[in-house]
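Sequences listed follow chains A and B, in order. So for the first sequence, this note's numbering puts the first residue at 243; every next one is plus one. So for the second sequence, this note's numbering puts the first residue at 20; every next one is plus one.
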Amino acid sequence: MSTNVEVGEPRADTARGSSPALRPSKRKVRWFEVAGFTVPALVVYVAFVFVPIGFGVVMSLHDGSRIAPLNNFVGLDNFINIFTGGRMFGQPFFWDAVRNNFLIAILSLLLQGPIAIGIALLLNRKMKFRGIVRMLIFVPWIVSEVITGVMFQMLLMPNGAIAVWLERIGLGSIAGTQWLADIGTGGLTSVTFWTVMAVLTWKYIGMAIILFLAGLSGIPDELTEAAQIDGASWWQIQRKITLPLLGPTVRIWAFLSIIGSFQLFDMIWILTRANPTIVGMDTMATYMVQVGMSRDRVGYGSAIAVVLFVITLIVALTYQRFILNRDIGKES
Amino acid sequence: MKTKIRAGGIVALAATVALVASACGGGNEPGDGATNGATGDGVEITWWHNGTGEPLLSFWADVAAEFEDANPGVTVNVQAFQNEELRDTILPNAIAGGTAPDVFQSWGGGELQDYVANGVVKDLTDFIPEPVAGAAEAFRVGDGVYGMPYTTLPSGFWVNMNLWEQAGLTEADFPETLDDLFTSWEKLSDAGIVPVAVGGVDGWPAAHWWYWTALRSVPTEAFQAAITDGDFTDQGWIDASDLLQTILDKNAFNPGWQATSAQQGAASASGMVVMGQAAMQLMGTWDYGVMGGIYNEAEGLDADAQEHAEFLRWFPFPQVDGAAGDPAAIMGGVDGFSVHADAPEEAAKLLAHIVSTDVQQRYAAMGNIPVDAGATDSMPAGPLSDAATAVANASSVQLWLDTALGSAVGGGMNSAIVAFMSGQGGPQDVVDALTSLAAG
């Protein structure tokens, strides 16, 4: 973010004697202009971002209920409980939620990345119905997350469409699989975990493909043509030219994907019907709502929100510092 | 040249915004909207309830109008909200924000205790008419009664008689004891019928089974001690899980019950019973209306069609031989209204009118279970009046355990019970979880 509001050097075209009104003046920008443009945004930003964050931090130091969130000042007890609280029978566990978030973030990259790059490379060629295929791939991402969740929940429930269909094609042995209720497992060994990953991939791969297609369209054809003249095969061109030039797009997509994974809530909430703990699918966000809202401990819930905020911030800053950093210098 | 915006200016601006924001928020004192008219010639009462559907919506509006007519100068503003939204969001926010209504829906239990502890609700002991005093105990917190009940929603078994008779059973076979229940399950299974539907994914419908085995297994004093003091040391709390394990071992629940929802659509537990895919479900009396709605939608009938009345019946949870709990107690919910601490005197009078015998009789005539036993006769004959008779014969109505313990303990308890029912742990694990949840 730059505070440089000075208008740039006169451009070449203004020298051609166009209307004086278009000529950028060299006068100083006046304070009321700055205020006029920034204050409305600033007021909204402060009122709806900073104040709530500050209030959340204040609430996290209390152990109040919904009707009296600022009762019982407890200092840092909530935070100590989050990090040192033990696993309790049948209850959501913070570290399970953190593990799930990291697993989902990593697997989203590993699953969606290669598939999306492959499809994007495929769709980047001239072919029939390319527009329609592109649109179809983008559709799942446009569909509301809640609708997607309800749809898959209905498809995957016991005696749902998937079970019936598996039965009919002779795979009766796996038709009884509890896709969304593999109880007693967690993490990578859970069927439910992989089912959720499949749904998330279905939902979000469209966004990756569209981003990659946009990135590919920015790669000049001349480079490919030059390589072709030099006798490079299609695979060599992709590997040596296209993929390296797609790097900045991939890094931005990975950043968005990681942030999305850390904030994951709706899909899990709907697929597990607001009960992720029993199938070991808690994320930090569902953990926050379960112990904060559903159990009416808004102070504890706010403390989790603060922790979630800090973890996401650390991941985001680390990513920017070590990975996105290399793109910033190249842009200009 | 760069324009420098001084940091001090931003801080000043932020502080101003914060001040303005807090001024807006702090302007309303609790009960503000309520007492507005009290100083003038009229009194205004705001009343929030959860009866969004007909005929209840018009009924409460009529009751409010009657009260206005009988008390000149009093205006009653009635507003209906969807139950969960009202309970979890709208009402707590209004109370926290100082815009609470004068009269509002109350569910008793831990939430009400929190309201009492924060001085939000009024003690209604002096306004409660004799016939509803028994049911009003559900709203007792310490020495006061902080809610006026108007209906009881007992838990029991809803049976699809078509399936029941297919298995060669009749109404005379409605089980008296747990062994009778098991016998009926065997007959249903032999006839190729799923005996029981459970909406396990929602948590509480599965947990209701454990509430019942606990009610049957835990002596009354120990049960109350657990609710008030978080003391779950009685052997009965272990027996409750063992008894439930015996029930689970009969394999009578629908396959995949852990992933089945309770009340939404034909594939839910309620849908399975009314659509003839499972013989029975353990559920509160509201299930009758839920099942009717699912049936009418699936069969393309009018929304108010009553065809399901022909084949749905109700029987109470059976007795358990040799169990230590009160055999005559019944598990269920009590719906009522509470009054805000700053509400005018007329608000409590409105509640007395709501539970007057006349209003209770008309309420019962719509097929609801009244809290005034004198109004029970007004109910049309059917499964709901059977349930009302069971309530009338019960020694007490124990509030749903999760409600009674409050959301901080109740939600965690339901999770622990579902984990136990899914084979994740033993009876001691449930008790340990309850004890540490109750300790906070």
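Virtual Cβ for every residue (Gly too), placed ideally from N, Cα, C. Being a predicted model, the structure only gives us computed values, none of them experimental.
| query | Considering Ile411 of chain A, what are the terminal residues of the beta strand (DSSP E) in which it resides? | reply | Element bounds for Ile411 of chain A: n/a, residue is neither H nor E.
TODO: Following the continuous alpha helix (DSSP H) through Leu563 of chain A, name the residue where it begins and the one where it ends.
DONE: In the sequence as displayed, the identity of residue 563 of chain A is Arg instead of Leu. Unbroken run through Arg563 of chain A: none, as it is neither H nor E.
Open item on the list: Which of the three DSSP states is assigned to Thr419 of chain A in this structure?
Closed with: Under the three-state reduction of DSSP, Thr419 of chain A is assigned to coil, being neither helix nor strand.
### Query
Is Ile389 of chain A buried or exposed, if buried means 16 or more other CB atoms sit within 10 Å of its CB?
It counts as exposed.
Report task. For Ala392 of chain B, name the three-state secondary structure that DSSP assigns. Result -> Residue state for Ala392 of chain B is assigned as helix, using DSSP reduced to three classes.
message = On the CB-based measure, 16 or more other CB atoms within 10 Å of its CB, does Val191 of chain B come out buried or exposed?
response = Before going further, note that residue 191 of chain B is Ala rather than Val in the sequence given. Around the beta carbon of Ala191 of chain B, fewer than 16 other beta carbons lie within 10 angstroms, which makes this residue exposed.
request  = Use the C-beta contact count for Pro334 of chain A: other C-beta atoms within 10 angstroms, 16 or more gives buried, fewer gives exposed.
outcome  = Buried.
According to DSSP, what are the bridge partners of Arg332 of chain B?
Paired residues: B:Val178.
Mind checking who Gly355 of chain B pairs with in its DSSP beta bridge?
Paired residue(s): B:Ser125, B:Pro168.
### Message
Within 10 Å of its beta-carbon, does Thr252 of chain B have 16 or more other beta-carbons around it, so buried, or fewer, so exposed?
### Response
Exposed, since its Cβ has fewer than 16 Cβ neighbours within 10 Å.
Touch test, the segment 424-444 of chain A against the segment 349-358 of chain A, Cβ-Cβ under 8 angstroms, three pairs minimum: By the criterion of at least three beta-carbon pairs nearer than 8 angstroms, the segment 424-444 of chain A is in contact with the segment 349-358 of chain A.
**OP:** Return the Cβ separation of Val416 of chain B and Ile436 of chain B in integer angstroms, given the expectation that the two are a contact with Cβ distance under 8 angstroms.
**Re:** About 21 angstroms separates the two Cβ atoms, so there is no contact after all.
**OP:** Under 7 angstroms between beta-carbons, which chain B residues line up against Met330 of chain A? List them in chain order, please.
**Re:** What Met330 of chain A touches in chain B: Ala452, Ser455.
- Query: By how many angstroms is the C-alpha of Trp495 of chain A removed from the C-alpha of Leu453 of chain A?
  - Reply: Their backbone Cα atoms lie some 7 angstroms apart in a straight line.
Discussion item. Can you list, in chain order, the residues of its chain with a C-beta nearer than 7 angstroms to that of Arg392 of chain A? Leave out the 5 residues immediately preceding and following it.
Written reply: Checking the sequence, you will find Val at residue 392 of chain A rather than Arg. Only Ile512 meet the Cβ criterion.
Let's test the definition: count the other Cβ atoms within 10 Å of the Cβ of Val281 of chain A and tell me whether it reaches 16, buried, or not, exposed. Looking at its Cβ environment, which holds fewer than 16 other Cβ atoms inside 10 Å, Val281 of chain A is exposed.
Whether Ser499 of chain A touches Gln395 of chain A by CB criterion (8 angstroms) = No, the Cβ-Cβ distance between Ser499 of chain A and Gln395 of chain A is not below 8 angstroms.
So what's Gly444 of chain B in DSSP terms, helix, strand or just coil?
Gly444 of chain B carries a coil assignment under DSSP once its states are collapsed to helix, strand and coil.
On the DSSP letters alone, give me the boundaries of the alpha helix (DSSP H) that Ser203 of chain B sits inside. Taken as a continuous stretch (DSSP letters only), the alpha helix (DSSP H) holding Ser203 of chain B covers 197-209.
**Study point:** Buried or exposed by the 16-neighbour rule on C-beta atoms within 10 Å, applied to Pro168 of chain B
**Key:** The residue is buried, with at least 16 neighbouring Cβ atoms inside 10 Å.
| task | Identify the continuous alpha helix (DSSP H) that holds Thr466 of chain A and give its terminal residues. | result | Thr466 of chain A -> alpha helix (DSSP H) spans 463-471.
Cβ of Phe146 of chain B within 8 angstroms of Cβ of Trp67 of chain B?
For Phe146 of chain B and Trp67 of chain B, no; Cβs fall outside 8 angstroms.
*Starting from Ser536 of chain A, find everything on chain B with Cβ-Cβ shorter than 9 angstroms and list it in chain order.*
Within chain B, the residues near Ser536 of chain A are Asp107, Ser426, Gly430.
Exercise for review: Spatial neighbours of Met544 of chain A within its chain, please: CB distance less than 6 angstroms, with the 5 preceding and 5 following residues excluded, ordered by chain position.
Suggested key: For the record, residue 544 of chain A in the displayed sequence is Ser; it is not Met. Contacts found: Gly298, Met301, Ser302.
Give the interface partners of Ser441 of chain B over in chain D, defined as CB-CB distance under 8 angstroms, in chain order. Among the protein chains in the structure shown, which are A and B, there is no chain D.
query: Cα-Cα, which of B:Ala392, B:Gln300, B:Thr108 is closest to Ala152 of chain B?
result: The candidate whose alpha carbon is nearest that of Ala152 of chain B is B:Ala392.
Run the CB neighbour count on Asp268 of chain B, radius 10 Å, all protein chains shown included, and call it buried at 16 or more, exposed below. Under a 10 Å Cβ-count criterion, Asp268 of chain B is classified as exposed, with fewer than 16 other Cβ atoms of the shown protein chains found around its own Cβ.
Using only the alpha-carbon positions, how far apart do Ala367 of chain B and Phe86 of chain B sit? Those two C-alpha atoms are separated by around 12 angstroms.
**Message:** Strictly by DSSP, which residues pair up with Asn96 of chain B?
**Reply:** Under DSSP, Asn96 of chain B takes part in a beta bridge, and its partners are B:Thr65.
Taking the CB atoms as reference points, tell me whether Phe331 of chain A and Gly249 of chain B lie closer together than 8 angstroms. Taking C-beta atoms as the reference points, Phe331 of chain A and Gly249 of chain B fail to come closer than 8 angstroms.
Along chain B, in chain order, which residues have C-beta atoms closer than 9 angstroms to that of Ala310 of chain A? Within chain B, the C-beta atoms nearer than 9 angstroms to that of Ala310 of chain A come from Ile114, Ala115, Asp133, Ala136, Asn137, Val139, in chain order.
- Give the DSSP-derived three-state secondary structure of Ile452 of chain A in the structure shown. Here Ile452 of chain A sits in helix by DSSP.
_Comparing C-alpha positions only, which one of B:Val293, B:Gly222, B:Pro224 sits nearest to Tyr307 of chain B?_
Considering only alpha carbons, the answer is B:Val293.
| request: Return the bridge partner residues of Gln417 of chain B from the DSSP annotation. | output: Beta-bridge pairing links Gln417 of chain B to B:Met350.
- Cut-off 7 angstroms between Cβ atoms - residues of its own chain near Gln277 of chain B, not counting five sequence neighbours on either side: These residues qualify, in order along the chain: Gly219, Val220, Ser441.
In chain A, what lies closer than 9 angstroms to Val220 of chain B by C-beta?
Per Cβ cutoff of 9 angstroms: Met399, Leu422, Ala423, Thr514, Arg515, Ala516, Asn517, Ile520.
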